[in-house]
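The listed protein sequences derive, respectively, from chains A and B.
Under my numbering, the first residue of the first sequence is numbered 111, with each subsequent residue one higher.
Under my numbering, the first residue of the second sequence is numbered 111, with each subsequent residue one higher.
Protein chains: 2
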Amino acid sequence: GDRIFEHTMEKINAELFVMTYGSLVTHLLSDAGENVEDVNSQLDHIGYKIGVRLIDEYLAKSSTPCRSFRDTAEAIAKIGFKMFLGVYANVCNFSEDGNSYSLVLDENPLTPFVELPTKYKKDLWYSNVLCGVLKGALEMVSFKIDCYFVKDVLRGDDCTEIRVVLKE
Amino acid sequence: GDRIFEHTMEKINAELFVMTYGSLVTHLLSDAGENVEDVNSQLDHIGYKIGVRLIDEYLAKSSTPCRSFRDTAEAIAKIGFKMFLGVYANVCNFSEDGNSYSLVLDENPLTPFVELPTKYKKDLWYSNVLCGVLKGALEMVSFKIDCYFVKDVLRGDDCTEIRVVLKE
């Protein structure tokens, strides 16, 4: 117990992480040929498996309960992002029925120094692993969601925005 | 200048890094078929590109000069490993001519929770990216080296040992 908790507090240099993630995306792209949509799916799938495991660390360290779907927004933006990526996200655009919201990143820790080649700017969601992480993590606390990027500054958008939608 | 330095001080959750690196290795293995040696080479190559960039961060933050090859041992073990991976390494087995040494890791931050499938235990050097990082980084400060794992606890060895050999 204690030993594991101690371990999970450890931190790694951000640049090493950024380059390792970049290598992963590069290799997926080199395999995919023109099928960039397939790379988005693979990143989502990789993220899902990570999220399923990271939720344990989140629950061990955070005392904030997520009783409603609405609670998950602040929990992800203010605790989860900070705990794992070192930055906060902003919550906005809650739908009227409360079943969807957006997470907006002022700074995306996966992308410093990253520039997308023009041929990928239209189709690649470079940070799509994050959507998978959120899906995997929320599923473990009984929220089935859809999650996808709607904007990315890497593509030339004015901000980076992830949409989170509760299913059923 | 300041902005970049500030950024490079940032840290990422270690478990997220471990799983991202694991996804990279898994993906390379799935591509390589039976050719595990090729995966070792690819990890080394990925590490080289990372090392070539990380050395800038090291030089910006460390005031320890590496005038001789001998100096690089302590610089890597006591500063580099700590700065990027959060652990120290031990230097041992300096050759009589001073042209090679070993770095021994008590704890390998790339491998918590990792278990190698039996079929990979003989040939895969799971953490081979580290050898590439050392080659790339040292080359930037004018030391051409060979670098390779000689032991890995993941394979059942009693410790994890990286050999560093100066090439003239």
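Glycine is no exception: its CB is placed at the ideal position from the N, C-alpha and C atoms.
As the structure is a computational prediction, the values presented were derived from the model and not from experiment.
Next item on the list: Evaluate the contact criterion for the segment 126 to 142 of chain B versus the segment 205 to 222 of chain B: three or more CB pairs, one atom per stretch, below 8 Å.
Entry: yes
Item checked: Straight-line Cα distance separating B:N238 from B:R273 -> 12 Å
Check: Contact between the segment 197 to 209 of chain B and the segment 251 to 258 of chain B: three or more CB pairs below 8 Å?
Finding: no
Margin query: Short of 7 Å in beta carbon distance, which residues of its chain neighbour B:Y158, apart from the five on each side in sequence? Order them along the chain.
Written below: Here the set comprises G242, K245, G246.
Check: For A:S133, which residues in chain B fall below 7 Å Cβ to Cβ?
Finding: L134, I156
Checklist line | As assigned by DSSP and simplified to three states, the class of B:N150 | finding: helix
Notebook entry, point to check: Skipping 5 residues on each side, what residues in its chain have a beta carbon closer than 7 Å to that of B:C269?
Noted result: Cβ-Cβ distances below 7 Å link B:C269 to V214, K261, V263 in the same chain, with the five nearest sequence neighbours on each side left out; the list follows chain order.
Next item on the list: Could you spell out the range, first to last residue, of the beta strand (DSSP E) harbouring A:T270?
Entry: 270 to 276
Check: Out of B:G132, B:E147, B:S140, B:Y168, which has the shortest C-alpha to C-alpha gap to B:L248?
Finding: B:Y168
Margin query: Relative to the C-alpha of A:F223, which candidate in A:S212, A:K229, A:Y211, A:Y236 has its C-alpha closest?
Written below: Closest by alpha carbon: A:Y236.
Checklist line | Cα-Cα separation, A:E147 to A:D233 | finding: 7 Å
Item checked: Test: A:P219 CB closer than 9 Å to a CB of chain B -> yes
Checklist line | Short CB-CB distance (under 9 Å) between B:A199 and chain E | finding: In the structure shown, chain E does not exist; the protein chains are A and B.
Check: What separation, rounded to the nearest whole angstrom, lies between the Cα atoms of A:T136 and A:G143?
Finding: 11 Å
Next item on the list: Report the partner residues of A:K254 according to the DSSP bridge assignment.
Entry: None; A:K254 has no bridge partner.
Next item on the list: Decide if A:E278 is buried, meaning its Cβ has at least 16 other Cβ atoms within 10 Å, or exposed.
Entry: Per the 10 Å Cβ criterion, exposed.
Margin query: Out of B:G208, B:I156, B:K171, which one is the CA nearest neighbour of B:K192?
Written below: B:K171
Checklist line | Within the segment 161 to 234 of chain B, ranges of the beta strand (DSSP E) (whole runs, at least 3 residues) | finding: With a minimum length of 3 residues, the continuous beta strand (DSSP E) runs that stay inside the segment 161 to 234 of chain B are 200 to 202, 210 to 215.
Next item on the list: Give the straight-line distance between the Cα atoms of A:S140 and B:S210, rounded to the nearest whole angstrom.
Entry: 36 Å
Check: Roughly how many whole angstroms lie between the Cα atoms of A:E120 and A:Y198?
Finding: If I take the Cα positions, the gap works out to 19 Å.
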